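Quick note: to get the working numbering, add 3 to the position in the sequence shown (first position is 1). Just so it is clear, CB atoms sit at the ideal spot from N, CA and C, and this is done for glycine as well. What you are looking at is a predicted structure, and each value in this text was computed from that prediction instead of being measured. Below is one structure; the comments refer to it alone.
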Amino acid sequence: KILIIEILFILFKFFGFIVCFQIFNNLGNQDFLFIFTTFCLSWSIGLIIPAAPGGIGVFEGCFLFFIGNDYSQSSIIMSLIIFRFISSSADLLLSAPLFFEKVFKKI
Numbered sequence: 004k005i006l007i008i009e010i011l012f013i014l015f016k017f018f019g020f021i022v023c024f025q026i027f028n029n030l031g032n033q034d035f036l037f038i039f040t041t042f043c044l045s046w047s048i049g050l051i052i053p054a055a056p057g058g059i060g061v062f063e064g065c066f067l068f069f070i071g072n073d074y075s076q077s078s079i080i081m082s083l084i085i086f087r088f089i090s091s092s093a094d095l096l097l098s099a100p101l102f103f104e105k106v107f108k109k110i
């Protein structure tokens, strides 16, 4: 059950990323599987090293390293920035009710 939830989580994250990636790049049908594989591999490496220092995250660095020769690096970086912004905003928005519930219980 947990594995299915994690697979769905990654698929939803990938769907959000592919929308951001499509804004800056033209994708063919054959590129979709390659980008999905690269996304999953980069996401997995990012989970192994969660507290790595630096301005760019491990996921972003790995994705850029793996796919940087096939697409324009500036368009990949813009896709990654927008994806990270949307992903972080969604995490904050979805966790806000739990945060406020804990704060108001203490008052």
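Nearest-angstrom beta carbon gap, residue j and residue i [assumed within contact, 8 Å]
| i | j | result |
| --- | --- | --- |
| ILE70 | ILE79 | 6 Å |
Run of the alpha helix (DSSP H) containing residue i, from where it starts to where it stops
| i | result |
| --- | --- |
| GLY64 | 61-70 |
| LYS109 | 76-109 |
| LEU14 | 5-27 |
Residue i and residue j closer than 7 Å at C-beta
| i | j | result |
| --- | --- | --- |
| CYS65 | SER45 | yes |
| ASN28 | TYR74 | yes |
| GLU63 | LEU50 | no |
| PHE20 | PHE86 | yes |
Within-7 Å CB hit, residue i to chain C
| i | result |
| --- | --- |
| ARG87 | Absence of chain C from the displayed structure is noted, only one protein chain being present. |
C-alpha gap between residue i and residue j, whole angstroms
| i | j | result |
| --- | --- | --- |
| ILE13 | ASP34 | 18 Å |
| PHE18 | LEU11 | 10 Å |
| VAL106 | ASN72 | 48 Å |
| LYS108 | SER91 | 26 Å |
| PHE39 | GLU104 | 37 Å |
| VAL61 | ALA99 | 26 Å |
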